[in-house]
Amino acid sequence: MADVGLIDHAGTDARVDSKALEGPRGARPRRVLSRRNIILYGTLFVVAAYYLLPLYVMVVTSLKGMPEIRLGNVFSPPMEITFEPWVKAWATACTGLNCDGLSRGFWNSVRITIPSVILSIAIASVNGYALSLWRFKGANLFFTILIVGAFIPYQVMLYPIVIILREMGIYGTLTGLVLVHTIFGMPILTLLFRNYFASVPEELFKAARVDGAGFWGIYFKIMLPMSLPIFVVAMILQVTGIWNDFLFGVVYTKPGVYPMTVQLNNIVNSVQGVKEYNVNMAATIITGLVPLIVYFASGKLFVRGIAAGAVKG
Amino acid sequence: MPSTRPNQLFRNLNAKIASIPMILTAVVVFLGGTVWTVVYSFTDSKLLPRMRWVGLDQYERLWNTSRWLISIENLLIFGILVLIFSLVIGFVLAALLDQKIRFEDTFRTIFLYPFALSFIVTGLVWQWLLNPDFGVQSVIRSLGFENFNFDPLYNADIVIYGILIAALWQGTGLVMVLMLAGLRGIDEDIWKAARVDGIPMWKTYLFIVIPMMRPIFITTLVIITTGIVKVYDLVVAQTGGGPGIASEVPAKYVYDMMFLSQNLGQGFAASTIMLLTVMIVVIPWAYLEFGGKGKRHG
Amino acid sequence: MASVSVKNLDLSFGDIKVLQNLNLEIDKGEFLVLLGSSGCGKSTLLNCIAGLLDITDGQIFISDRNVTWEQPKDRGIGMVFQSYALYPQMTVEGNLAFGLKNARVPKDEIEKRIARAAQLLHIEPLLKRKPAQLSGGQRQRVAIGRALVRDVDVFLFDEPLSNLDAKLRAELRVEIKRLHQRLENTTMIYVTHDQIEAMTLADRIAIMRAGAIQQLADPATIYNKPYNRYVAGFIGSPSINFIDGTIEVASDPVFKAGDTTIDLSRYAFSGNGPKPGAVTFGIRPEHIFMDKAATDEPFRADVEVDVVEPMGADTLVWSTLDGHELRFRVDGQTPLRKGDRVKVGFDPARASIFDAETEMRL
Amino acid sequence: MKSFKAFLTASTFLGAITAAQATDLEVTHWWTSGGESAAVAEFAKAFDATGNKWVDGAIAGGGSTARPIMISRITGGDPMGATQFNHGRQAEELVEAGLMRDLTDVAESEGWADVIAAPSLLESCTLDGKIYCVPVNIHSWQWLWLSNKAFEDAGIPVPTNWDEFVAAAPKLREAGKVPLAMGGQPWQRSGAFNVLMNALGGKDLTLKVYQDKDAEAAAGPEVAKIFAAAADAREMAQGSNVQDWNQATNMVITDQAGGQIMGDWAQGEFQVAGEVAGEDYTCLPGLGVNEIISTDGDAFYFPVIDDEAQSKAQEELASVMFDAKTQVAFNLKKGSLPIRADVDLDAANDCMKKGLTILAEGGVVTSVNQLVSPDTNTQIEGLMTEFFSDTNITPEDAQARFAEIIANAD
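Protein chains in written order, with UniProt numbering: chain L, 1 to 313; chain V, 1 to 298; chain Y, 1 to 362; chain H, 1 to 410.
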């Protein structure tokens, strides 16, 4: 209707104006407190509170003294802030006869995590690359086995792996542990990398082949430089998983190489008289700090990488 | 000029060499380990594996053990609930974050950070929050609601929901990110088309967007399901299987049988059943998904 | 001397046969277009020639060298892709140099070749940029340049213009033609589904369908003397009119469809001459004339106008001849309305007749 | 707490001076609670004094966490120098597989058999006449620990036996106390049940059920009484929301709970907390009803290591652990009884002396752990965990299931 009017009376300004004044005109008004926004942000804030609550309680508790904790309200902020639990958790808490807290295992965890993350990602990315771009007969069979393997509870594999490592002569060594982490990280990582490389335009790969690049040439010169997001995803998953691992670290190494989580377990599970909740919480936060920092530092890339690695099937 | 056709084995040789670690892992560790486990499940191995055949005895006992039955039941309830809730919550959160909101980064980080924490930590924190003496219950009671009862970890009927709360807290963030990534991959034009056609937003999500996100749902499903089958640390840290045996799960049964009861055969039988269940579901799917149609090289 | 020859090529994926017993000889310096609708196997054939797909059976020769089992890089080919396939993290220069570096060409030689290609393709100012900073047309120039610097005898184009808009496509088409004229000794194999590209560029066109070549000939032959019904229908826009009917041979052969009889005495039958039987009669819209122009044509009829499609330069008219749809082309300025009755006529000598059963040209 | 800190300084000091020429020997154990670590420190101190070095491999979380590690390490061919194991049938197979070191020479030259206080413990270290482990203490389960202050608060005298304790429960409730502290872990529940059986049912009943695996007896009226008592205990334990045993003990120490049924290792906790037997707390062996104690115990095994220096250090450690002086120091901290009959325990407190007397008088019953396999044990634990946490299970139902387990026991 309005359109017809406008065309018919294109020349007569007055009528156009009077018509236009009646209805909506110009930019649509935006209200900050629209019903939609209230529901949207309201929901988000409530959910965010649920997610933050445990962290809040952990932090608050770790800053309280034991007498205050016994008062009972876990949500109240500390009346008197003390960093003693943190110091204790890091430097003096005892596990058995060793009273040097988490500091003992921190560097071990670093020494375990770095090579494990690098090796597992290196192997899984090459797997994914071979599976998506250089398929050979039987490759899918192995991949299927690998994916099914992702569903096997780790505990079941403890014994067979002990035997495998023993036969390889690397039982109890750092190398052995790195290998175990690589093996158990392989299924999901390979899946991610395979999906990612499958989403790379096939013609790019063909162009590189015509240009004379081989299996490794294409991998290093073409694929690697364009795969930063998926590597970030893999790194985050692996750092989290390996840093938080307790079972493998303790079963496949010796006390000299025990990761930080062993100390965490010992601090949290062994009780010297009263359970020191504040020290437990401080130890918990300290142990979780490394993966948390990795998350906060690379959150954006994480979503982008997931988008690249998981969306395409 | 190549005069003879290259040997089939050496075709694509580099790819094959590069896949050796994967092949070894698949065949030696996963396949070999599984076969080994299955074989020893027919023996009466106690502390150490030994070849003394007892046929199906271990399985007979397994299905006569109330703890195993409860474990299976728990895993079923827990698994279905985790699947539904984490997918629904994860998707809803992702859809909310996808509304071009402010502070998206902050919200996303908040929802995701628990994933960086181990299950052991998660279990401990929630064990504490749900402790009736100084957790949520006592706080709400101290506010004047004297009759408020919320002690899932000490009530056998609802303990599995207590674990569910913690599991969702830890895991939905990842699901949300996966979903968000999927939503971001949806063509803008779809939304425009739906708006022009006057389709309500929820309908667009339900009937258009979600079907388009099939691949990401599959990836998500794999990740969630592997987590569910393996759930162990969380239960140990949060309830230790209690109260009573109300929150036992199969992975814990396997572990306890192997190392606490020193009855490897029984543990292997239980894990064989777990594997079998997983395979019945996973293999047909994996075959459809990854098998067949090699439209690329080789 | 054959530059590229494909002999008895078979390719199958599992049970699915994609290419069957395919033979093709391409001369040195020739511009050959592989034309067909999607899924006909034209890109697959190109990939086989490039060595990007391993064939099941047969042989491939390039410059008289058996390259059946050679790696793509060793075949002396350059290739241009539909999606450009530029390496996103490298500059234009890096893209051009990548293949040469892999082949360990000396540095100054690389620079020389890049400079020459850049000049030829007018991309000198872009050398330091990354692909993401280029427009579609520029990207495709770079992609062509990447093939160019390889200094090879055979160029393979896989639908290189399909991702561009109509105007750019036309521009680049001419550019490719010019390039071919300049590089006299370079053989070009060009895959497309666009018949205009095929007609304008090709020395010879190979029309493919279901993994087999239907007709291999120069554009004029393909257009005028299509080998079978499929080729006739595929080539030409608007497409050819088909009328089903029968041939009757009394003294002179005639085509009969309903009440319409067309005298075929002027039609050049191939082989043993006309035989009675069911056929399809094909006549191109541009070979049908109207009104005055029709009066001199051997065959004339009255038709009623159905739909008029003005296209500027000319107008396409949809009409009905004795129950059969008949499209014809008239000058763009002709005033016509639906329902008008007009006189049309054509010369059966320009028609193509196909056996109804074998669909082969008679 | 004080003594604990003192030990810390001492051990750090000792560690510093001996580190130079020491043979490192890694020792794995799961003793990480206050009293336990103090006790382990005594071993470490004595071992370090021999010029070697104790490398501590403590894994908290009890046997279920530590055992897979030990077994993996041993079968993986990279064993620790020594490892804690419970007596009984747990390590049998490792010994049979030849993975454990034969200590017969050490034992014979030092005459362990002559001085052993509980021969059954050395017997469980013996296989085919060879000795494979060092028993380090005698633990007994049959103790009731009571907080004197809690009863004072409730205005009633401290009970002297189980029945009085049960009768006092309502008063304790009124005073806001939990009558019976009980941790949630399965072993604590089945442990408490077995104590009830020992104390209320007597030695004969215990042996009939667990040694003879007499299902009829297990279903009979005598055991029914035990289940009725267990139901009382279940009622009294309502409200003790703790998992670990030492947390439960702590409820008694802090007078929040009236008492706890727990082994003599609980005493270590009282000691670390600075409480005095008789004044702050009371202990009733055999629940004050039937004064018998079982002889559980801890032992150390020494995996075979192909290294001379290590093997020598292993022998030294074995002999140090059995040494009279170390035994006294260790057991005082641990709250258990020494394995040797020839040691002088002047320093022992009230409760330990009671235990020693009973031991000397022969009021001993073989522990359940030694009578049934770990497998059966776990089944009983499972039943008791269910029973104690679910008031819907009647004593009769539980007894029927118990009888079934006994019938199938091995």
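Where a beta carbon is used, it is the ideal one built from N, C-alpha and C, also for glycine.
Looking at chain L, is there any beta carbon in it that lies within less than 8 Å of the beta carbon of residue i?
i      : result
Y:M188 : no
V:K95  : Here residue 95 of chain V is Ala; the residue named in the question, Lys, does not match the sequence. So no, V:A95 is outside the interface.
H:Q314 : no
H:Q247 : yes
Y:Q89  : yes
Give me whichever residues DSSP pairs with residue i in a beta bridge.
i      : result
Y:I213 : Y:M208
H:H139 : H:D296
H:G278 : H:G278 is not bridged to any residue.
Y:K7   : Y:Q59
Y:M360 : Y:N228
Y:K343 : Y:D302
Y:E325 : Y:T320
So what does DSSP say about residue i, is it helix, strand or coil?
i      : result
H:F270 : helix
H:W145 : strand
V:Q137 : helix
Y:V282 : The sequence shown places Gly at residue 282 of chain Y, rather than the Val named in the question. Here Y:G282 sits in strand by DSSP.
Y:P226 : coil
Y:T200 : helix
H:Q370 : helix
H:T394 : coil
H:W187 : helix
H:T32  : coil
Y:G137 : helix
Residue i CB to nearest chain V CB: under 8 Å?
i      : result
H:I71  : yes
H:T378 : yes
L:P153 : yes
H:L94  : yes
H:D390 : yes
H:P395 : no
Taking residue i and residue j to be in contact with their CB atoms under 8 Å, please state how far apart those CB atoms are, rounded to whole angstroms.
i      : j      : result
H:G363 : H:I293 : 6 Å
H:W245 : H:E381 : No, H:W245 and H:E381 are not in contact; Cβ-Cβ is about 14 Å, not under 8 Å.
Y:K343 : Y:D314 : With 8 Å as the limit, Y:K343 and Y:D314 do not qualify as a contact, their Cβ atoms being about 18 Å apart.
H:Q314 : H:R101 : 6 Å
H:A39  : H:G268 : 7 Å
Taking the alpha helix (DSSP H) that residue i belongs to, which residues open and close that run?
i      : result
V:S41  : No alpha helix (DSSP H) holds V:S41; DSSP gives it neither H nor E.
Y:G245 : No alpha helix (DSSP H) holds Y:G245; the beta strand (DSSP E) holding it covers N241 to V249.
Y:Q20  : Looking at the DSSP string, Y:Q20 is not in any alpha helix (DSSP H); the run it does join, the beta strand (DSSP E), is I16 to D27.
H:A248 : W245 to I253
Y:T91  : Counting along the chain, Y:T91 falls outside any alpha helix (DSSP H), and DSSP gives it neither H nor E.
L:T113 : S103 to L133
Within the continuous beta strand (DSSP E) that includes residue i, where are the two ends?
i      : result
H:H29  : D24 to H29
Y:K256 : P253 to A257
Y:M79  : I77 to V80
L:G43  : Position check: residue 43 of chain L holds Thr in this sequence, whereas Gly was assumed. It is not in any beta strand (DSSP E) - L:T43 instead sits in the alpha helix (DSSP H) that spans R35 to S62.
V:S71  : From DSSP, V:S71 is part of no beta strand (DSSP E) but of the alpha helix (DSSP H) over S66 to L97.
Y:L156 : V154 to D158
Within 8 Å (strictly less), CB to CB, does residue i reach chain Y?
i      : result
L:L131 : no
Checking contacts by CB at 8 Å: is residue i closer than that to chain H?
i                      : result
residue 329 of chain L : Outside the displayed range of chain L (1 to 313) lies residue 329 of chain L, so it cannot be described from this structure.
V:S261                 : yes
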